[in-house]
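Mind the numbering: the sequence shown is residues -20 to -1, 1 to 592 in mature numbering (1 follows the signal peptide of the UniProt record, and there is no 0), read in order. Single-structure report; data block below.
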Amino acid sequence: MNRKIIVLMALMGLTFSCTSQSTKTSETKKTEQPNVIVIITDDQGYGDLGAHGNTLVKTPALDELHDESVRLTDFHVGPTCAPSRSGLMTGRYANRVGVWHTIGGVSILRDDEVTMADVFQENGYETAMFGKWHLGDTYPSRPQDKGFKYTIMHGGGGVGQTPDYWDNDYFDDTYFKNGVPTKFEGYCTDVWFDEAIKYIEDKKDEPFFAYISANAPHLPFNVPEDYYNQYKDLDIPEFQKIFYGMITNVDDNVAKLQQKLEDLNIADNTIVIFMTDNGTASGYKKVGGELYGFNAGMKGTKNSEYEGGHRVPFFIKYPGKNIEGGRDVTDLTAHLDILPTLATLCNLELPEGQKEMDGSDISSLILGEEETIGRDYLITDSQRVQSPIKWRKSAVMSDKMRLVNGKELYDISKDPGQENDLAAQFPEKVEQMRGYYNEWWSSVSTEFNQFPIIVLGSDQQNPIELTCHDTHVHDSKIPWNQNFIREAKKNPVGGEFTVAFEQSGTYTIELSRWPFESNLAINAAVEGKEGTISTEAIAEGRTMNFKSGGVKIGAWEQTKTVDKDAKVISFTGNFTEGETDMSAWFTTKDNEDWGAFYIRVTRVSTDFSLID
């Protein structure tokens, strides 16, 4: 294609640190390659900030950052989490890199994609991430496999989701520190920022890139009661009081981080970015026929192809380069632009093997050197299906024009709420924008049938645990949350994992209904937890009557009986290296098949010596 296409996908977020190359003096490094901190929140929309006109939410620190930053006021991401994060990390379309959903094996970043963290590390930076990754929980797509040297993260797309550590509830949880389950004290958002601050203190004399990716204010609606109390007397729904409390907690942590940068005397040489990953999930909702919240006059919320689903805040501050002072950039921009832009601002060389990015370098806009980069089009969509569907929940953007779903045309400069469809008045414009989308679709669709691969038997993650969260199945009812596991929400049968054995050898495959760390029997029940004024209840786990289970890997297939009080069913087999499909299931006493919930694969030998 002769024009740069930019696609925005539903679902992402980042944190950076820029430093100098080893051949330069340390003083030159500090001058030419700043630290970078990217703060991204989850499900907080453009209207969920005081600085953007919300009169209820308390965000003094973010409002101050807004006033001190350069703001991208027409900045777009994907309408949901993982697609946004994949675009942010790679500068490439989410549909192109294999991440067009938030579950189902298509929220995993492909192995050959180079991330922002890879680029920073290749240029001598220390790299770290804290919080939500949502681009793969298994090798080779974990953050530590994708350029981050230090990681503290929860599993899946949120605390308490199926791949997360068992029984996490936002308070005093167990997170994965460099891949190892580690107990932390405190509320999740406080943990991410506190650990990031410790890291920054340790790395203050080295160039660093820190990615603080909060899972708040994504549900479940859990927050320390002090933050709920700040909103308890407002005439808004209870969930919204907690939602706003979660945002205010983020705000307090931003204030703490900003103060630490000042105390360490590194604020001038640190790029600080604040953004969110999609439109609001809970800050603008109709309850009982009445609309509550604020959406800055936009139509649509999270997962919507309309403006409110994908236009989000973006603030950037870098005093050392005069990127400050409260200036608006009104040009059409996107999360895909951030990696190429940081490469320029931080004097980074792109590594060999870096694929062509779909984003543009917008440093000239941020530095005030130009008012426009002359972008023709930008595209975003929300797929949330196994196989992407052309025109599904899509928006083609050109300056202030929006073509929605290939047929509705809006001028948001005059109609920000997208109420007046102009398609019939401007058919030539519609056809022009449709033509560009067709070009884009032809480009990004070439690898739709190439699912990201989970690698088994690698020294990097052996044993490896897979969950139904990543099963490829044409069904929206995958149990992606631990409450669904507790309630025994049926896992659809027929789903497969796309895997590859890295080494030939003998392997054990274990199946469980519960996470392995829970130590619960397959058919056991488990108690729930009562909710409080500021936290949601956790469902009771009901008993099951599974009588057997089975595994199929390529042409190899075995079944076994579930013994009384058994915690796992274990199989052993010889497998040769290479790519294949794997499926696993349980069968009830009523002969009903369920997909397995948790699977652990361990390479125990490389010589086929353990079985005949």
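Ideal placement from N, C-alpha and C gives every residue a C-beta, glycine not left out.
Helix, strand or coil at residue i according to DSSP, with G and I counted as helix
i           : result
residue 65  : helix
residue 477 : strand
residue 36  : coil
residue 452 : strand
residue 466 : helix
residue 579 : strand
residue 90  : coil
residue 287 : helix
residue 561 : strand
residue 46  : helix
residue 310 : coil
residue 537 : strand
residue 197 : coil
residue 53  : coil
residue 359 : strand
residue 365 : coil
residue 492 : strand
residue 548 : coil
residue 553 : strand
residue 389 : strand
residue 597 : Only positions -20 to 592 of the chain appear in the structure, and residue 597 is not among them; the question remains open.
residue 445 : strand
residue 301 : helix
Straight-line Cα distance separating residue j from residue i
i           : j           : result
residue 434 : residue 463 : 25 Å
residue 77  : residue 369 : 16 Å
residue 386 : residue 585 : 54 Å
residue 70  : residue 64  : 10 Å
residue 108 : residue 16  : 11 Å
residue 587 : residue 580 : 20 Å
residue 355 : residue 40  : 34 Å
residue 32  : residue 228 : 15 Å
residue 344 : residue 288 : 27 Å
residue 264 : residue 568 : 43 Å
residue 260 : residue 486 : 48 Å
residue 408 : residue 398 : 19 Å
residue 419 : residue 84  : 27 Å
residue 268 : residue 128 : 45 Å
residue 82  : residue 298 : 33 Å
residue 602 : residue 177 : Summary: the structure shown does not reach residue 602, with the chain confined to residues -20 through 592, and so no result is reported for it.
residue 445 : residue 553 : 17 Å
residue 152 : residue 226 : 16 Å
residue 325 : residue 302 : 12 Å
Residue i, enclosing alpha helix (DSSP H) - first and last residue
i           : result
residue 595 : Outside the displayed span of the chain (-20 to 592) sits residue 595, for which this structure offers no information.
residue 345 : 343 to 346
residue 524 : Where residue 524 is concerned, there is no enclosing alpha helix (DSSP H), given that its DSSP letter is neither H nor E.
residue 402 : Here residue 402 belongs to no alpha helix (DSSP H), and DSSP marks it neither H nor E.
residue 76  : 74 to 77
residue 209 : 205 to 209
residue 133 : It is not in any alpha helix (DSSP H) - residue 133 instead sits in the beta strand (DSSP E) that spans 130 to 133.
Opening and closing residue of the beta strand (DSSP E) in which residue i lies
i           : result
residue 189 : 188 to 193
residue 573 : 573 to 575
residue 378 : 374 to 378
residue 111 : 106 to 111
residue 415 : Where residue 415 is concerned, there is no enclosing beta strand (DSSP E), although the alpha helix (DSSP H) it sits in stretches over 407 to 424.
residue 434 : 434 to 436
residue 150 : From DSSP, residue 150 is part of no beta strand (DSSP E); its letter is neither H nor E.
Candidates the options: closest to residue i by CA position
i           : options            : result
residue 163 : 189, 133, 467      : 133
residue 340 : 402, 323, 571      : 323
residue 595 : 89, 401, 427, 533  : Nothing about residue 595 can be reported from this structure: the residues present for the chain run from -20 to 592 only.
residue 185 : 128, 217, 247      : 247
residue 181 : 169, 124, 218, 240 : 240
residue 494 : 206, 350, 505      : 505
residue 308 : 295, 338, 320, 57  : 295
residue 509 : 225, 483, 466, 499 : 466
residue 582 : 473, 220, 440, 500 : 440
residue 191 : 489, 277, 572, 95  : 95
residue 281 : 272, 262, 293      : 262
residue 394 : 139, 380, 405, 388 : 380
residue 555 : 484, 415, 255      : 484
CB contact check: residue i to chain D, cutoff 9 Å
i           : result
residue 378 : Among the chains of the structure shown, chain D does not appear; only one protein chain is present.
Contact between the segment 229 to 238 and the segment 164 to 179 is defined here as three or more beta-carbon pairs at a separation below 8 Å; is this criterion met? yes
Cβ contact (3+ pairs, closer than 8 Å) linking the segment 187 to 202 and the segment 511 to 519: yes
Determine, using beta-carbon pairs with one atom in the segment 84 to 97 and one in the segment 428 to 446, whether at least three such pairs fall under 8 Å. yes
Tell me, please, whether the segment 438 to 453 touches the segment 543 to 551 by the rule of three or more beta-carbon pairs shorter than 8 Å. no
Cβ contact check for the segment 105 to 121 and the segment 137 to 147: 3 or more pairs under 8 Å: yes
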